[in-house]
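Protein chains: 2
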Amino acid sequence: MESGFELDGFIPYRLNRASELISLSFARQYKQEFDLTRPEWRTLAALGSVGAMTAKDIGVHSHMHKTKVSRAVHSLEQRHWLKRIPSYTDRRFEQIELTALGREYYRKITVLAHTYQETVRMKLGEEAIRHLDLALAAIEASAGLRRKSK
Amino acid sequence: MESGFELDGFIPYRLNRASELISLSFARQYKQEFDLTRPEWRTLAALGSVGAMTAKDIGVHSHMHKTKVSRAVHSLEQRHWLKRIPSYTDRRFEQIELTALGREYYRKITVLAHTYQETVRMKLGEEAIRHLDLALAAIEASAGLRRKSK
DNA sequence: TTTATATAGTTACAAACGTAACCGTCGATT
DNA sequence: AATCGACGGTTACGTTTGTAACTATATAAA
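Those protein sequences? They're chains A and B, same order as listed. For the first sequence, the residue numbers in my numbering are 52 to 201. For the second sequence, the residue numbers in my numbering are 52 to 201.
Pasting the structure below:
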């Protein structure tokens, strides 16, 4: 049954698994404590750190498809965490910004995020974090690894 | 709107994004050429490299939930890429193994995988790959990063 | 031997997703 | 100003997912 191929040595698999390992317990926190999905959390993070922006901008900033953004914005709007401000110059889009309530939760969750990141840093150790930083930077830099664009 | 928090600097986010960037074009390949989902590809990879095993073993080996495994096995069975061999000592489980057809496709796809991995290695460069390897190893080693097990 | 508990695997159901179609608005061309 | 293609955003639809309930078998205890 020998083959020379092992999933454990395959980079896409390992990266995916690492990503899940690292994300899981944080995702569980914001889901349990605030009932947020990941698209919602990302939308909140984008608006909270950058400020008012359009739905499209949110997608660009946090690398999410526009349907995900649309649904996340809709859901956060229901909770009154954000509001839409129509643009009078071009009525196709609106500026979206957090409400006071939204900013309040944003702050709470970023505290969680900071804490979590520190936990990760401690668990992995300074050296590993440095390696990770460099590796991620390289991947981000080469973004667009696609063989045949399609 | 300043906050001190940036998604771009948040490790879970960056890892997730990196994982998607790296996986996407390979996933597209096996999906387009063989109409495989990721759980199916992982199941194939597990069976191909290790040999016959139970559904539970597949889940452990490739870190997939049993429902994913169950569905993937079912689907591969339909294509006659694998067969089930009931255990007479304990009829709750069966050994699952690739058919000749399944092994044939396994070989084809592992070739793709090798090629793809080489592409990644070249794109990222030796240095970055070394960093990535070390970082992933650290994450894998600390697996079970959960704060409060739940 | 009946009862209880655990385990391997499947299925049912609801939530989340991606693709594609769609709606309304804009700018450019005529 | 009528038409056309492009764009921001939403919705519809089918697929994939996760959780939980379930089936069937096995083991252990009463």
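From the three backbone atoms N, C-alpha and C, an ideal C-beta is built for every residue, glycine too.
- Query: residue 124 of chain B versus chain A: which residues are under 8 Å apart at the beta carbon?
  - Reply: Those within 8 Å of residue 124 of chain B in chain A number zero; the least Cβ separation is about 16 Å.
- Message: Helix, strand or coil, according to DSSP, for residue 91 of chain A in the structure here?
- Response: Looking at residue 91 of chain A - three-state DSSP - the assignment turns out to be helix.
- Query: Considering residue 122 of chain A, what are the terminal residues of the alpha helix (DSSP H) in which it resides?
  - Reply: 117-129
- From this set, B:98, B:120, B:165, which residue's C-alpha is nearest residue 148 of chain B's C-alpha? B:98
- Query: For residue 76 of chain B versus residue 70 of chain A, is the C-beta spacing smaller than 7 Å?
  - Reply: No, they are not a contact pair.
- Message: Below 9 Å on C-beta distance, what does residue 135 of chain A contact in chain B?
- Response: Near residue 135 of chain A there are no residues of chain B at all, since even the closest Cβ is about 17 Å away, more than 9 Å.
- Chain-ordered neighbours of residue 63 of chain B on chain A, where CB pairs are closer than 7 Å: In chain order: 73, 74, 77.
- Inter-residue Cα distance where the pair is residue 107 of chain A and residue 117 of chain A: 7 Å
- Message: Taking DSSP's pairing of strands, which residues face residue 180 of chain A in a bridge?
- Response: The partner list for residue 180 of chain A (beta bridge, DSSP) is empty, contrary to what the question assumes.
- When the Cβ atoms of the region 118-129 of chain A are set against those of the region 85-99 of chain A, are three or more pairs found closer than 8 Å? yes
- Query: Which value, in whole angstroms, describes the spacing of the CA atoms of residue 115 of chain A and residue 157 of chain A?
  - Reply: 19 Å
- Message: At the 7 Å Cβ level, is residue 116 of chain A part of the contact set with chain B, yes or no?
- Response: So no, residue 116 of chain A is outside the interface.
- Short Cβ contact (7 Å threshold) for residue 189 of chain B with residue 66 of chain A: no
- Item | Contact check, residue 186 of chain B vs residue 152 of chain A, beta carbons under 7 Å | Not in contact: residue 186 of chain B and residue 152 of chain A (Cβ atoms no closer than 7 Å).
- Query: Exposed or buried, residue 94 of chain A, counting other C-beta atoms within 10 Å across all chains shown (16 or more means buried)?
  - Reply: Buried is the call here.
- Query: In this structure, does DSSP put residue 194 of chain A in helix, strand or coil?
  - Reply: coil
- Item | Spatial neighbours of residue 154 of chain A in its chain, beta-carbon cut-off 7 Å, leaving aside the 5 residues before and after | 99
- Query: The alpha helix (DSSP H) spanning residue 175 of chain B covers which residue range?
  - Reply: 151-175
- Note down the Cα distance separating residue 141 of chain A from residue 105 of chain A, rounded to an integer number of angstroms. Roughly 12 Å separates the two Cα atoms.
- Do residue 135 of chain B and residue 145 of chain B have their C-beta atoms within less than 7 Å of each other? yes
- Task: Tell me, please, whether the CB atom of residue 169 of chain B is closer than 7 Å to any CB atom in chain A?
- Result: Taking Cβ atoms only, chain A never reaches closer than 7 Å to residue 169 of chain B, which makes this a no.
- Query: residue 150 of chain B versus chain A: which residues are under 7 Å apart at the beta carbon?
  - Reply: At a beta-carbon threshold of 7 Å, none of the residues of chain A lie near residue 150 of chain B; the nearest stands roughly 13 Å away.
- For residue 180 of chain A, is the beta carbon positioned less than 6 Å from some heavy atom of the ligand ADP? As for the ligand ADP, it is missing from this structure, which has no ligand bound.
- Item | Spatial distance of residue 193 of chain A from residue 62 of chain A (CA atoms) | Spanning the two alpha carbons is a distance of roughly 15 Å.
- Compare the C-alpha of residue 112 of chain B against each of A:68, A:79, A:179 and name the closest. A:68
- Return the residue from the list B:73, B:60, B:178, B:181 that minimises the CA-CA distance to residue 64 of chain A. B:73
- Does any C-beta atom of chain A lie closer than 7 Å to the C-beta of residue 94 of chain B? no
- Query: Would a C-beta distance cut-off of 7 Å place residue 96 of chain A and residue 133 of chain B closer than the cut-off?
  - Reply: No, Cβ-Cβ distance for residue 96 of chain A and residue 133 of chain B is not below 7 Å.
- Task: Express the C-alpha separation of residue 167 of chain A and residue 79 of chain A in angstroms, rounding to a whole number.
- Result: If you take the alpha carbons of residue 79 of chain A and residue 167 of chain A, they lie about 12 Å apart.
- Output yes if chain A places a C-beta closer than 7 Å to the C-beta of residue 187 of chain B; else output no. yes
- Tell me, please, whether the CB atom of residue 106 of chain A is closer than 7 Å to any CB atom in chain B? Taking CB atoms only, residue 106 of chain A has no neighbour in chain B less than 7 Å away.
- Could you tell me if residue 139 of chain B is buried or exposed, where buried requires 16 or more neighbouring beta carbons within 10 angstroms of its beta carbon? exposed
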